[in-house]
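Colleague:
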Amino acid sequence: MSSELTRLTAAALAARIAAGETSAVEAAEAHLARIEAVDEKVHAFLHVDREGALAQAREVDARRAAGEELGPLAGVPLALKDIFTTKGVPTTCGSRILEGWLPPYDATVTRKLRAAGIVVLGKSNMDEFAMGSSTENSAYGPTGNPWDLTRIPGGSGGGSAAALASFQAPLAIGTDTGGSIRQPAAVTGTVGVKPTYGGVSRYGMIAFSSSLDQGGPCARTVLDTALLHEAIAGHDPLDSTSIDAPVPPVVEAARNGSVAGLRVGVVKQLSGEGYQDGVMQRFGEAVELLRELGAEVTEVDCPSFTKALAAYYLIAPSECSSNLARFDGLRYGLRTGDDGSRSAEEVTSLTRAAGFGAEVKRRIMLGTYALSSGYYDAYYGSAQKVRTLISRDFEAAFGRVDVLVSPTAPTTAFPIGERVDDPVAMYLADLCTIPANLAGNAAMSLPCGLAPEDGLPVGLQIIAPAMADDRLYRVGAAVEAAFQARWGHPILEEAPAL
Amino acid sequence: MPGITREEVAHLARLARLELSREELDHFAGQLDAIIGAVAAVSDVAEEDVPPTSHPLPLTNVMRPDEVRPGLTPEQALDQAPAQEQQRFKVPQILGEEQ
């Protein structure tokens, strides 16, 4: 019975809880038992908040017993990426510099989850400060991909995606600066959405690159993702870059999947050299499926996309070098070398050297370089021009089509350790996801099959204009239904037992 | 564009307040050089007449009424401090004796 609860979709589990067939406490206990049984192998969680989760579940059951009207996901457990502050619950952002830190406040996303009765099981593993594509940059050790524990689960939100794929949680929250929700979804056979920039509040989401960072929902189905999207989205006065407009009707769209008459553009620049054969084969089949379902498919030219990766790896490090200046060892977090003889500046330099990992140091120095006098125009200034050109490519494309599609990542999950000391090779994992971050568009990844050569999941990326997030769900739901009819079951049924 | 030297990396580390060892400087110099080589493609547009984009949303100033609202108490704000004294963050010496 309890193991069966962990296999349900969030929508089905919520329905059972609402009907009184099971309780929020039973659902939480089943997932905590699953974590106990498998997370030693997967390492999706940095912190499991057993007592907090059970207390929250008891509260949901009590509110329901008192006849309160609860939200559509009340009582459903969730894995929260360790980048969101949780009052009194450890929040490390995958870094030693925040080891043991207990935030004095909740992020807006955390607060909204609690208000919706969604039960936070714990904090999921991630690349340090969300910088990475494999979760290997976590200071607390990598997460394994449930499809093959010797391979990466993507990053930076590998813990969230792996928790979903190993049935430790039916819902998870991620953040996507250059693909950190979508690429992990792609390589684990799960669903993830980067909402329109400004769609979900960044308050209490530890900043990496503020003009790109976007929190969003992750789940195993398109409908579950939409339900979670609706629970966390909306304007927040505490985030001045949050959009003051109604949340697009994502749940309604996910319940009414259709692509009939829809104009779909295949991005010409997101294919070719460096793309794995099996990825392109499954992507090609997904495009064919869209045609069969009644979409009008054309090829779309986005010439500036070829410079997106380069622009991103100047803009994101530049912003991070500024954002991470707050970690100075003076007010909270780690302090090293304060022996009474050293100055504040020396203590800060020693603390940052001890508290940050290699990738964070690389990006801080790269950003410092790109912003320094004499290089600013050539690097940061040019990257900002590329950003304009990419937005123009999107504008032109969305004048002709309703959504764009591409593979989510150029390859399936690679082995842990393979790219860890080759930053340039690692950065290529974000090749297809970055353009949507630079322009602020909404984008989704959902499974489109297993690559024939390695049996690992392949993701289909759908990109919509800003504030048209509902289109992702309308298309995603149609594609998901058609693929599952073809496969006879959800793709995760094919993942090996842990 | 020129590559990056070990001396430049040492300078960047100082600017960024990162106390790096000799070995780390050697390691990072090679890697940063490779990364800068890979991202230099953006400079193709340096001379083009294109306005820069710093942010996806066309926002200027976002204003709100200046109202007093409850915030953290001094105890909450200081709770996670590495060191505190007399309801303040206690930090190492910032100015030298002679300053």
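Keeping their order, the protein sequence lines are chains A and B.
For the first sequence, this note's numbering assigns the number 1 to the initial residue and increments by one for each residue that follows.
For the second sequence, this note's numbering assigns the number 1001 to the initial residue and increments by one for each residue that follows.
We put the CB at the ideal spot given by N, CA and C, even for glycine.
A quick note: this is a predicted structure, and the numbers were derived from the prediction, not measured.
1) Excluding the five sequence neighbours on either side, which residues of its own chain have a C-beta within less than 8 Å of the C-beta of tyrosine 275 of chain A, listed in chain order?
2) List, in chain order, every chain A residue whose beta-carbon is nearer than 7 Å to that of alanine 1016 of chain B.
3) Applying a beta-carbon distance threshold of less than 7 Å, which residues of chain A neighbour aspartate 1079 of chain B?
4) Quick one: which chain B residues come within Cβ less than 9 Å of leucine 289 of chain A?
5) Looking only at C-alpha atoms, which of A:Phe283, A:Ala495 and A:His489 sits nearest to valine 405 of chain A?
6) According to a CB-to-CB cut-off of less than 7 Å, which residues of the stretch 1019-1043 of chain B neighbour chain A?
7) For glutamate 1047 of chain B, collect the residues of the same chain with a Cβ closer than 7 Å to its Cβ; drop the 5 residues on either side in sequence, then sort them by chain order.
8) For alanine 11 of chain A, which three-state DSSP category applies?
9) How many Å lie between glycine 159 of chain A and valine 48 of chain A at the Cα?
10) Are there three or more Cβ pairs, one per stretch, closer than 8 Å when the stretch 1014-1026 of chain B is compared with the stretch 192-200 of chain A?
11) Can you give me, in chain order, the residues of the stretch 1053-1064 of chain B that have a beta carbon less than 7 Å from any beta carbon in chain A?
12) As a quick exercise: from A:Arg400, A:Thr388, A:Leu330 and A:Ile152, pick the residue whose alpha carbon is nearest that of valine 500 of chain A.
13) For methionine 1 of chain A, collect the residues of the same chain with a Cβ closer than 7 Å to its Cβ; drop the 5 residues on either side in sequence, then sort them by chain order.
14) Taking Cβ positions, are leucine 366 of chain A and leucine 314 of chain A nearer each other than 9 Å?
15) Less than 9 Å between CB atoms is the rule here; does valine 1050 of chain B satisfy it with respect to chain A?
16) Who pairs with valine 89 of chain A in a beta bridge, going by DSSP?
17) Are the Cβ atoms of proline 447 of chain A and phenylalanine 483 of chain A separated by less than 9 Å?
18) Comparing the C-beta of glutamine 1092 of chain B with each C-beta of chain A, is any distance below 9 Å?
19) Just checking my contact of glutamine 183 of chain A with alanine 429 of chain A at CB under 8 Å: how many whole Å lie between their CB atoms?
20) Check this for me: beta carbons of threonine 188 of chain A and alanine 219 of chain A, under 9 Å apart or not?
21) So who's on the other strand from glycine 192 of chain A, going by DSSP bridges?
22) What three-state label does DSSP hand histidine 489 of chain A in the structure shown?
23) Please state if the CB of alanine 442 of chain A and the CB of alanine 436 of chain A are separated by a distance shorter than 9 Å.
24) From which residue to which residue does the alpha helix (DSSP H) around valine 60 of chain A run?
25) Is isoleucine 243 of chain A close to chain B? Criterion is C-beta to C-beta, closer than 9 Å.
26) Mapping DSSP to helix, strand and coil, what is aspartate 148 of chain A?
27) Residues in the stretch 221-243 of chain A with C-beta within 8 Å of chain B's C-beta atoms, listed in sequence order?
28) Please work out which residues of its chain come closer than 6 Å, Cβ to Cβ, to aspartate 1033 of chain B, disregarding the five sequence neighbours upstream and downstream, and give them in chain order.
29) Would you mind telling me which residues of chain A sit closer than 8 Å to alanine 1046 of chain B, beta carbon to beta carbon, in chain order?
30) Mind reading off the beta-carbon distance from valine 264 of chain A to valine 479 of chain A? Whole number of angstroms is fine, and I expect it under 8 Å.
31) Can you name the residues of chain A whose CB is closer than 8 Å to the CB of alanine 1010 of chain B?
32) Please report whether the beta-carbon of methionine 1001 of chain B lies at a distance below 9 Å from any beta-carbon of chain A.
Modeller: With the given structure in hand:
1) Same-chain partners within the cutoff: Pro407, Pro410 and Thr411.
2) Simply Ser321, Ile364, Met365 and Thr368.
3) Pro104
4) Here the premise fails: no neighbours, minimum Cβ distance about 31 Å.
5) It is A:Phe283.
6) Against chain A - using a Cβ distance shorter than 7 Å - the residues of the stretch 1019-1043 of chain B are Glu1019, Leu1020, Phe1028, Gln1031, Leu1032, Ala1034, Ile1035, Ala1038, Val1039, Ala1041, Val1042 and Ser1043.
7) none
8) helix
9) Taking the Cα positions, glycine 159 of chain A is about 12 Å away from valine 48 of chain A.
10) No contact exists between the stretch 1014-1026 of chain B and the stretch 192-200 of chain A.
11) Thr1053, Ser1054, His1055, Pro1056, Leu1057, Leu1059, Val1062 and Arg1064
12) Within the shown structure, residues of chain A are numbered from 1 to 498, placing residue 500 of chain A beyond reach of any answer.
13) Caution applies to methionine 1 of chain A, whose pLDDT of 48 falls short of 50 and renders its modelled position unreliable; the value that the coordinates give is listed next. Contacts found: none.
14) Cβ distance < 9 Å, so leucine 366 of chain A and leucine 314 of chain A count as in contact.
15) yes
16) Residue pairing by DSSP places valine 89 of chain A opposite A:Thr86 in a beta bridge.
17) yes
18) One point to set straight first is that residue 1092 of chain B is proline, not glutamine, in the sequence displayed. By this cut-off, proline 1092 of chain B is an interface position.
19) 6 Å
20) no
21) Looking at the DSSP assignment, glycine 192 of chain A forms a beta bridge with A:Cys218 and A:Ser445.
22) coil
23) yes
24) Start and end: 50-65.
25) For isoleucine 243 of chain A, at least one C-beta of chain B is nearer than 9 Å to its own C-beta.
26) Three-state DSSP puts aspartate 148 of chain A in a strand.
27) Those would be Pro237, Ser240, Thr241 and Ile243, in chain order.
28) Excluding sequence neighbours, aspartate 1033 of chain B sits near Gly1003 and Ile1004.
29) Asp377, Ala378, Gly381, Ser382 and Lys385
30) With a Cβ gap of about 10 Å, valine 264 of chain A and valine 479 of chain A do not count as contacting.
31) In chain order: nothing, as chain A lies at least about 10 Å away.
32) Annotation note: pLDDT 49 at methionine 1001 of chain B (below 50); position unreliable, no value reported.
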